[in-house]
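Right under this line is the structure:
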């Protein structure tokens, strides 16, 4: 992931690794390392677990109140609209701490006439957490630390979440940054790093705290967590509020930072050339040099310490009285004191601090190197003026005579005191040594207690993170339970509906007279209606058997081929079959059985008894044939009577031709399929009767249009009149003329259609006579409109007659 966790506390790191191993049920570290090598997603999961993103709005509310009352006003005082207050929040996690400081600063800025600009740099190495922080969207349970007034002031409700207002979000800049690896920010007024150092080991802490000192402006502020401190670097920071861990940067000291140097491009000669030349000394400079020389030679050794005993300045020649303590480097004066000096130094220093006056103690014995002993006079004097708002004290070490060997010191003391005094001195020395040992043990225990406290805080953070995860899991389980409850209710409703549908289907099966059987792809019976007992020898126990094993009462040749065709085409098929006795008739309908995915999973076979229909059709055919026979006989009798009655009359031929047309139509009706006759057949029959059906001068074009018996006679007579007139006077008489007969079906509205018929003659050399009237013209212009509700237009053009007829299809039977 590009981040080094070797500087983290070992116990914390191991606990997080063990947690991942428990989640994955991995027992050995080697197996987990192998899992990390093979699974990049597990690497990311471990990385997220190591980043314990535990934070909340205004966490530790008294600390934030102290920050708002003590520090933030000082950051804004004396700054105008052109100035900028810079805040750095390393380890910002999901942004709650960042927005808490932003809200406090926004409250401090209200009411100021020229408030400065504010930039809050929020950094973290967790890109996912930064994404949440940038979105600034939080659910209601995470706003527990935000007061109702601030919630109304700085948040906008959006569904079930709350979003920070734009004025707060614009103050914050989120970016990925490692406080250990990346260069620090600079010229910062406030660094807020709460509960991040508790996860670092001592080496990383010793690197990070000086980095914060470097990033801050002079007199800038450092805001730490309740379990964090700068005790190892007291010389860098002055406590403002120890309880709430607020510190101010010292401006008179500079930590030794390992920052990158950018001088690689310079040559050695150039570096030497950058060294300034020494100016000549004037009288003031000469006096300063002399004063420094005298102070260094004749002034007794001394140190400048704070009220807490931290050394902030050393004079020369202090090594005779102070020496570095073993272990972590420290500036604590009492830890630096040589053997024999610590107890007196503590006593004198405490008396000076409590009384506020100069305290001197003579005859203090200090054991030096080589077993020699030095008797000194120890003085602690408070400075009259504060330095950076803090009381300072000068500790002066002044020798009383030359250094003595241990024997000489004992002899001198013996000459001055009797044996009792020597015994007391020995006991006092032993007591001092024991006290010194106890002090050292106490300091060691204190450091261990501090480390344990940090460890406990770290464990508490982890437990809180685990608790939040458990809370989230609990909420998810509650939500899942609600979803399951809802799904259960839906399933119960669907089961009830399914029961009702099953009951309806069962009642339908029992009440229907249609024999129906449901088969799967292997022709195995799934279900059937009771009426199937009249088709096959079938019983309820036959479910699960192939239907081919059952004996049928019907003659069903090719049934398996029909079923295979249904599976292949996914289209229904119908055919008519008869019983083996020849007396019963059935319509067999095969349709594909579709499952819930609309895939063909079987076949449904329905047997509809049509014995009555077949017998009725047979009787109807007999009656129609008999009717047609009688009609033709009647037409023949009428034709014979007309010939005898109208012998010699000119209209006999016309009447005879019309009777012939009706006779031909009756023959066509007798051969018709059902009760419908195709319009094309009527036109063809009429032209065949005139002997012009095959003429190249005639064009026939139109779709198949079935006409009912009620209207076919009228339409046939119209065609007969148009055709006979064309033979006598029109296009069928003139060899240069042409005839076009066209028809089509037009749909004007849904469910309403019209038959459009056009008779068009063209190319006549003699214009037709429009004054002639007769039965044919009256039939076209009046009878069609009366009997069929048609619209007609008979036109006598210069080159021939044209007739346009529109017949409503609903009126056609």
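Residue numbers (the numbering used here): 19 to 831. Where is the CB? At the ideal position from N, CA and C, for every residue including glycine.
Item                                                                                                                                                               : Value
Is the Cβ-Cβ distance between residue 266 and residue 232 less than 7 Å?                                                                                           : no
Reducing DSSP to helix, strand and coil, say where residue 228 ends up.                                                                                            : helix
In angstroms, rounded to a whole number, what distance separates the CA positions of residue 558 and residue 487?                                                  : 58 Å
According to DSSP, is residue 815 helix, strand or coil?                                                                                                           : strand
Are the Cβ atoms of residue 252 and residue 188 separated by less than 7 Å?                                                                                        : no
Are there three or more Cβ pairs, one per stretch, closer than 8 Å when the segment 754-771 is compared with the segment 787-796?                                  : no
Could you give the DSSP three-state label for residue 373: helix, strand or coil?                                                                                  : helix
Report buried or exposed for residue 525, applying the criterion of at least 16 other Cβ atoms within 10 angstroms of its Cβ.                                      : exposed
Short of 7 Å in beta carbon distance, which residues of its chain neighbour residue 736, apart from the five on each side in sequence? Order them along the chain. : 797, 798 and 802
Looking at the strands, I want to know which residues DSSP matches up with residue 794.                                                                            : None; residue 794 has no bridge partner.
Within 10 angstroms of its Cβ, does residue 144 collect 16 or more other Cβ (buried), or is it exposed?                                                            : buried
Using the C-alpha atoms, what's the distance from residue 235 back to residue 102?                                                                                 : 13 Å
Per the contact definition of three or more C-beta pairs closer than 8 Å, is the segment 817-827 in contact with the segment 732-748?                              : yes
Would you call the segment 344-358 and the segment 368-379 in contact, with 3 or more CB pairs under 8 Å?                                                          : no
Cα separation between residue 71 and residue 483?                                                                                                                  : 7 Å
Starting from residue 324, follow its DSSP beta bridges and name the residues at the other end.                                                                    : 410
Could you check if residue 29 is buried or exposed, using at least 16 other CB atoms within 10 Å of its CB as the buried criterion?                                : exposed
With DSSP as the reference, label residue 180 as helix, strand or coil.                                                                                            : strand
By the DSSP assignment, the alpha helix (DSSP H) with residue 615 in it spans what residues?                                                                       : Careful: residue 615 lies outside any alpha helix (DSSP H) and carries neither H nor E.
If you compare alpha carbons, which of 185, 783 and 211 is closest to residue 197?                                                                                 : 211
Taking the alpha-carbon positions, what's the residue 315 to residue 334 distance?                                                                                 : 9 Å
Let me know the beta strand (DSSP E) ranges lying completely inside the segment 572-641, each 3 residues or longer, listed in chain order.                         : 591-596, 603-612 and 618-627
Figure out for me which residue from 750, 338, 168 and 495 has the closest Cα to the Cα of residue 321.                                                            : 338
Quick check on residue 287: buried or exposed, where buried means 16 or more other Cβ atoms within 10 Å of its Cβ?                                                 : Low confidence applies to residue 287: its pLDDT is 38, below 50, so where it sits in the model is not reliable enough to give any reading.
Mark residue 590 as exposed unless 16 or more other C-beta atoms lie within 10 angstroms of its C-beta, in which case mark it buried.                              : exposed
Near residue 298, which residues of its chain fall below 8 Å by C-beta distance, leaving aside the five closest residues on each side in sequence?                 : With a pLDDT of 47 at residue 298, under the threshold of 50, the modelled position of that residue is not reliable, and the figure given next carries that caveat. Excluding positions up to five away in sequence, the list is empty.
Would you list, in sequence order, the uninterrupted beta strand (DSSP E) runs of no fewer than 3 residues that lie entirely inside the segment 93-120?            : 102-108
Quick one, which of 134, 206, 154 and 121 has its alpha-carbon nearest residue 164's?                                                                              : 121
Have a look at 772, 533, 139 and 99 and flag the residue whose alpha-carbon is nearest the alpha-carbon of residue 117.                                            : 139
Under a three-way DSSP split, which group does residue 787 fall into?                                                                                              : coil
Write down the C-beta distance between residue 148 and residue 192 rounded to the nearest angstrom, noting that I regard them as a contact closer than 8 Å.        : 5 Å
Spell out the partners DSSP gives residue 156 in its beta bridges.                                                                                                 : 180
If we ignore side chains and look at the alpha-carbon of each, how far apart do residue 594 and residue 622 end up?                                                : 16 Å
DSSP three-state label for residue 208, please.                                                                                                                    : strand
Quick check: the Cα distance between residue 806 and residue 600, rounded to an integer number of angstroms?                                                       : 44 Å
I think residue 401 touches residue 410, with their Cβ atoms under 8 Å apart; what is that distance to the nearest whole Å?                                        : 5 Å
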